[in-house]
Amino acid sequence: MDQQAHYLVADTLNQTLPLPNLRDKKNLDLAKDADYRTLLFAYENNYSQVENLPTAEILAEEIAYEYLLLVVKSLLQSCRNFNCHIPDYFTGLTN
C-alpha cells in the first residue's frame with residue numbers, strides 16, 4: 844500500500860511538473876517527509892481496529908490524495924512569501 848501511494852504521488856507530480864522519474868525513491872523518498880509519515884501513522888491508527896479494511900488500492904489512493912493536498916497547501920503558503928503575491932488569485936481556482 845505504501846508503495847502504491849508513493850507511485851500515485853509520483854505519477855501525479857510527474858504529470859504536472861518536469862521532474863525526473865519520481866517512482867524511484869532516490870528521487871522522491873516520502874519516508875523522509877514528516878507530513879507523509881504522520882499521514883501514514885494516522886491511517887494505521889484509524890484502521891487498526893477496523894475489521895473490513897478497504898482494499899490496498901483504495902487506501903493508497905486516499906493516502907496519496909491527502910498527501911498531495913498537503914503539498915498543494917504548502918506550495919500556496921510558499922507563494923504568499925513572494926512580493927508579487929495576489930491573495931485572491933487562488934480563490935475559486937478549482938470551480
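Quick note on numbering: the numbering used here labels position 10 of the sequence shown as 853, and the sequence is numbered without any gaps. Beta carbons are placed, not taken as given, at the ideal position from N, Cα and C, and that holds for glycine.
| said: Please tell me whether Leu913 and Asp878 are closer than 7 Å, where the distance is taken between their beta carbons. | reply: yes
| query | From which residue to which residue does the alpha helix (DSSP H) around Gln892 run? | reply | That residue, Gln892, is in no alpha helix (DSSP H); it is neither H nor E in DSSP.
| Looking at Glu909 and Leu873, is the spacing between their C-beta atoms short of 7 Å? | no
| query | With burial defined as no fewer than 16 other Cβ atoms inside 10 Å of the residue's Cβ, what is the status of Ala885: buried or exposed? | reply | exposed
| message | Using 8 Å as the cut-off, can you tell me whether the stretch 893 to 904 makes contact with the stretch 844 to 857, which would need three or more C-beta pairs spanning the two stretches below that distance? | response | yes
| Roughly how far, in whole angstroms, is the beta-carbon of Ala907 from the beta-carbon of Leu851, given that I think they are within contact range, below 8 Å? | 4 Å
| Is Asp865 buried or exposed, if buried means 16 or more other CB atoms sit within 10 Å of its CB? | Note that residue 865 is Leu in the sequence shown, not Asp. When all chains shown are included, Leu865 counts as buried.
| message | Using only CA atoms, which one of Phe925, Leu911 and His928 lies nearest to Thr859? | response | Minimum Cα distance to Thr859 is reached at Leu911.
| field | Own chain, CB closer than 6 Å to Asn924, minus 5 neighbours either side, in chain order | value | none
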